[in-house]
Every structure is written in structure tokens, then in C-alpha cells.
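Read through the structure below, which is laid out as C-alpha cells, and then see the notes.
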Amino acid sequence: MELTTLRLVLDEVNDDDLGAMVEVFQSNPEFLDRREGTSGVVGLYDRSKLGRDLAVAAVDPAREMLAVRTQRGMAPIGVVDLLRKHPDDGIPWLGVVVIHTDQQREGYGREVVSAIVSWMRDELRATVIDAAVDEDDEQARAFLSALGFEEVRRRWRRGPNGEVVVSVQERATRGAEP
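Numbers given in my numbering equal positions in the sequence shown, counted from 1, plus 10.
As C-alpha cells, this is what we get:
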């Protein structure tokens with residue numbers, strides 16, 4: 011799978027990407043602590059853990075884990091993980107969008123989500139897409155809200171630091187682009 015925007019290319023991860031992708035994750039220690047329980051210790055997420063994540067994604071035919079690259083450079087500046095169809099509700103899900111902290115606040119996250127929403131609408135014929143965010147992750151909640159997502163329900167997830175309340179967000183694929 012490959013998606014192209016004015017500034018970005020979202021495509022499959024290759025072996026040459028692993029170092030840059032680890033750096034993307036390591037540049038976001040709060041995200042890693044939420045997902046991995048790293049307690050802010052950057053080096054705890056490494057190539058072996060990224061390899062594990064890629065292997066898990068590869069065995070699920072509904073899941074895509076893509077590198078986010080700028081048009082002018084080949085090294086990934088971000089990662090996006092998505093589900094074509096969630097096993098519980100059949101709705102496409104935006105899993106995670108992680109952009110290297112050095113590249114944040116430049117509109118790349120918005121551009122990634124816009125490309126994913128358009129692709130899910132056009133290719134999957136989705137009328138809505140869902141995303142989940144930890145209830146106490148104000149930055150991620152604000153990001154999704156700015157892109158037109160609204161909370162539709164809450165649930166729990168088991169995280170490395172215990173049970174976490176998750177806000178399930180949804181947005182229509184038609185109408186104003188994010």
C-alpha cells in the first residue's frame with residue numbers, strides 16, 4: 011500500500027527504515043510509556059521491539075503499519091498504524107500516528123490523517139472511521155478533535171501501567187477534510 015500527498019509518502023516499511031523508525035518512537039517518550047511502559051527510558055524501545063510490532067502487524071491481513079516519509083527524503087519521519095476493519099465492529103480504525111518530535115507542529119500529522127480518511131472513504135467505502143485515545147492524553151484528544159473526531163463511547167484497555175480508560179472517537183469520511 012502506498013499513499014501520496016503534496017508533501018508526504020506513506021508506504022511499506024523496509025529493513026533500511028528500522029533505525030529511523032526506532033528514532034521516531036524514541037523521540038516520543040510519553041507515547042512509549044503509554045504503550046510500552048518504558049517510564050521515560052528511551053533506550054528500552056529498540057529494533058527488537060519494533061521488529062515485534064512489525065511482525066504482529068504483518069500477520070493481521072486487516073492491519074497496515076506504514077512509514078511516513080517526506081517527498082524530499084527517504085528516511086521515515088513518522089509511523090502510522092491502521093486497521094482496514096476492526097474485528098469488534100467492522101469499522102476501519104486509525105491506530106496510531108507518531109511523528110518525530112523534530113517534525114511535529116508542521117502539519118504532517120494532519121496531512122497523514124487526511125490521506126488515511128480519503129483512502130478509507132475511497133478504497134474501503136467507509137462512511138466513518140474510529141480512533142482510540144487514552145482519556146488522560148490531552149494532546150492526542152485535542153489533535154483528534156481538531157480533525158473532526160468526536161467521542162462516541164469509552165472502554166478499557168490493558169496497558170503496561172495497568173487498566174486505562176480509552177475514549178473511542180469517530181468521524182465521518184465525507185464532508186470537510188481534516
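C-beta atoms are modelled at their ideal positions from N, C-alpha and C, and glycine is treated no differently.
| query | Could you give the residue range of the alpha helix (DSSP H) that holds R120? | reply | 118 to 134
| field | W166 versus D146 - alpha carbon distance | value | 13 Å
| Interface flag, V69 vs chain C, CB-CB below 8 Å | No chain C appears in this structure, which consists of one protein chain only.
| message | For V122 and W129, what's the separation of their Cα atoms in angstroms? | response | 11 Å
| Buried versus exposed, by CB contacts within 10 Å (16 or more), R184 | exposed
| field | Range of the contiguous beta strand (DSSP E) that encloses R167 | value | 160 to 169
| field | Distance between R94 and R131 (C-alpha atoms, nearest Å) | value | 11 Å
| Going along the chain, which residues of its own chain have a beta-carbon closer than 6 Å to the beta-carbon of R73, five neighbours each way excluded? | A67, L93
| said: For A14, list the residues DSSP reports as bridge partners. | reply: The sequence shown places Thr at residue 14, not Ala. DSSP lists V19 as partners of T14.
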